[in-house]
Structure formats: structure tokens, C-alpha cells
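Remarks on the structure that follows.
In our numbering, the protein residues as written are 2 to 319.
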């Protein structure tokens, strides 16, 4: 096993830490080893172009809004890839658009990474999903990869369900339609109710996750990634791509610094994104992710950054 492969495996393990103690270990073990081929599919593509789908609306928030897990990771990944010359775009629905746009602004990519906002109802400000797919299929660099990060998808009865098993279809447009196209799909989730987690066996989710039978998303993807926090999964994917593209990896490395991830969390918090706190209180605007404050999150970002930095330092040049 070479240094790059070992480093990517370590990043995968770091991101999969079950920090929320929701028993995701069996899910992560089922897909262990997927980060390497997922990253390679981007790194080895002759003309990669990436669309990143995100935005998980918490209807029980006070007030209801998109959560803090997902949009920061999406902007994190997009910023790093764009710095290395890989075209990127973000996609969400009208309900989560403000938070996703705030993440893009926080990353400083609002002028180079477009945000496609999908309509939920006739007359709103979004675009029909077919129009968005047409955009992705056209242009000088058609989309090659669709990566979903913490985006709720339909369960066995067709309804998207949150961690409580509650139907959130009133605030969750069917963005699973963006998986349909001539592109590679990568899904990042931390529970089993996210797009791409249909690649996990339903009985595995049902046995190990509270409300798992009800919430399991049935939409599969080419490369499923299970993380303790989906934002961590995005950082691990960026690190893996940087390691595999060592010639431009140094351009992505600055975006793996914990300070950049903290900046994105602050940006979505200021835009009203919601999260629970350490006591399990109802989701509200606060700079937390899934009940965890920044000091509880920072160490994993730091370790992923260090793994990538060390590995790139050993990579041959020229």
C-alpha cells in the first residue's frame, strides 16, 4: 500500500468517527474503502466538472431553517476544487437557498461558483429541476460528477424523513432528480436518510440507527461515504482529491485548514442556519453542528489537514 492510499484511508477513518454516538459504525464499516475510488473518479477524470447538492431543512427548528451540516461542507469542497481549476457549482432548493448562498459567500466563491436553486412550487423563485439538469449537461464543461452532502432523500414510502422519522417533504424539494444524468454520483451522509445512502442495505440502517427503518433513503449512488459529521466527509473528500492530484494539491491545501471550516460555519450561523446544542435543545441559530460546538469539531479538521499536508510534502515533484 503506497503513502497516498494509506493517507486517504486515514482521512476516511477520521471523518467516520461516530462523534454523535448514533451507532453509525456499522454503516461506515460497510462502505469503508470507498473514499479512494470516489476521489480517484474526480482526480483522474480528463475534464472534471462538479455539481454539489446540499441543504437539509429542519422543520422543528426554532425558527425552522436549513441546518449547519451540509452547506459549509459543500462550499468547503467547491472552494478547494475551484482553486485547483476544477469547475464547480452548488445546488439546493428554495427552502435552503439563503443558507447555501451564505456558505458560498463565506468561502469567497460567490462570483465563481454558481448556485442553482430548484423550485418547490410553481411561482417561487427557483428553477424547474429539468432546467437545472439541462444546464449541467450543456456548456463547455458538462457536469461529470454530482456530489450530495447531507441532503435528505426519499425513504421507502417516498417521503423524505428527518432523524426523528418525521416527513419533511413540505420543505424538501425532490432533488434526487439531480442524480439522474450521465454523471458519477457521490453521496455523503451521517445517518442513512441522505441521498446516496440507498447504497447501504436497508436492514443495516434499520438494525443500527434509531428510526432507521422509517428514515432510510432508498436512493443509491456510485460512491457512498458515511461520516460522523457530513461536513467532515466533504473535507476528507477534498483532502483525498488533493493527495491524488499532487501536482495541484498545494492549491487545495489552504482550504483544508480548520480556520477555513470555522469561517464557513460562522457564515451559515449568521445567515440563520440551525443546530442543536450539547444539551439536545431544539435546533436554533447557533455556531454548532449536530449538537457540537466548534472546539469539538476542530480537531478532526486539523488532523485531516495534517495528513494531507504530510502526504503532499512526500509526493514527487516534476
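C-beta: ideal position from N, C-alpha, C; glycine also.
Own chain residues within Cβ distance below 8 Å of residue i, not counting five before or after
| i | result |
| --- | --- |
| residue 181 | 134 |
| residue 31 | 201, 202, 205, 227 |
| residue 239 | 77, 78, 81, 82, 253, 256, 257 |
| residue 38 | 224 |
Inter-residue spacing [alpha-carbon to alpha-carbon] between residue i and residue j
| i | j | result |
| --- | --- | --- |
| residue 333 | residue 217 | The requested residue 333 is not part of the displayed model; the chain covers only 2 to 319. |
| residue 229 | residue 256 | 20 Å |
| residue 151 | residue 190 | 5 Å |
| residue 109 | residue 74 | 14 Å |
| residue 153 | residue 177 | 9 Å |
| residue 62 | residue 170 | 15 Å |
| residue 271 | residue 25 | 30 Å |
| residue 200 | residue 92 | 22 Å |
| residue 137 | residue 143 | 6 Å |
| residue 52 | residue 264 | 22 Å |
| residue 139 | residue 118 | 17 Å |
| residue 9 | residue 49 | 20 Å |
| residue 208 | residue 254 | 38 Å |
| residue 212 | residue 276 | 20 Å |
| residue 21 | residue 69 | 15 Å |
| residue 248 | residue 157 | 44 Å |
| residue 71 | residue 295 | 15 Å |
| residue 308 | residue 103 | 29 Å |
| residue 219 | residue 290 | 25 Å |
| residue 317 | residue 237 | 22 Å |
| residue 266 | residue 13 | 21 Å |
| residue 297 | residue 141 | 42 Å |
| residue 299 | residue 244 | 21 Å |
C-beta contact flag for residue i and residue j at 8 Å
| i | j | result |
| --- | --- | --- |
| residue 1 | residue 193 | Residue 1 lies beyond the range of the chain shown here (2 to 319); nothing can be said about it. |
| residue 149 | residue 111 | no |
| residue 274 | residue 259 | no |
| residue 185 | residue 42 | yes |
| residue 167 | residue 126 | no |
| residue 155 | residue 188 | no |
| residue 251 | residue 313 | yes |
| residue 279 | residue 36 | no |
| residue 116 | residue 100 | no |
| residue 210 | residue 7 | no |
Buried versus exposed call for residue i [16 or more other C-beta atoms within 10 Å across all chains shown]
| i | result |
| --- | --- |
| residue 122 | exposed |
| residue 90 | buried |
| residue 146 | buried |
| residue 323 | A query on residue 323 cannot be resolved here, the shown segment of the chain reaching from 2 to 319 and no further. |
| residue 4 | exposed |
| residue 64 | exposed |
| residue 86 | exposed |
| residue 33 | exposed |
| residue 315 | exposed |
| residue 215 | buried |
| residue 129 | exposed |
| residue 163 | buried |
For residue i, the first and last residue of its enclosing beta strand (DSSP E)
| i | result |
| --- | --- |
| residue 129 | Residue 129 -> no beta strand (DSSP E), and no H or E assigned at all. |
| residue 312 | Segment 295-315 is the alpha helix (DSSP H) holding residue 312; no beta strand (DSSP E) there. |
| residue 190 | 185-190 |
| residue 117 | 116-119 |
| residue 255 | Per DSSP, residue 255 belongs to no beta strand (DSSP E) and is neither H nor E. |
| residue 226 | 224-227 |
Proximal residues to residue i (C-beta, below 6 Å), its chain only, five neighbours per side dropped
| i | result |
| --- | --- |
| residue 15 | 301, 304, 305 |
| residue 382 | The structure shown does not extend to residue 382, since the chain spans only 2 to 319, so no value can be given for it. |
| residue 29 | 17, 227 |
| residue 284 | 59, 62, 275, 276, 277 |
| residue 174 | 94, 119, 121 |
Closer than 8 Å to chain D by CB, residue i
| i | result |
| --- | --- |
| residue 185 | Looking for chain D here will not work: only one protein chain is present. |
Start-to-end residues for the alpha helix (DSSP H) that takes in residue i
| i | result |
| --- | --- |
| residue 93 | First-last for residue 93: 89-94, but that is the beta strand (DSSP E), not the alpha helix (DSSP H). |
| residue 106 | 98-108 |
| residue 42 | 36-44 |
| residue 55 | It is not in any alpha helix (DSSP H) - residue 55 instead sits in the beta strand (DSSP E) that spans 51-55. |
| residue 320 | Look at the range of the chain in this structure, 2 to 319, and you will see that residue 320 is not part of it. |
| residue 6 | 4-16 |
Beta-carbon contacts of residue i that lie in its chain and below 7 Å, excluding the five residues immediately before and after
| i | result |
| --- | --- |
| residue 281 | 292 |
| residue 114 | 79, 83, 89, 90, 91, 105 |
Proximity test, residue i beta-carbon vs the ligand MN heavy atom, cut-off 7 Å
| i | result |
| --- | --- |
| residue 32 | Of ligands this structure carries none, so the ligand MN is not represented either. |
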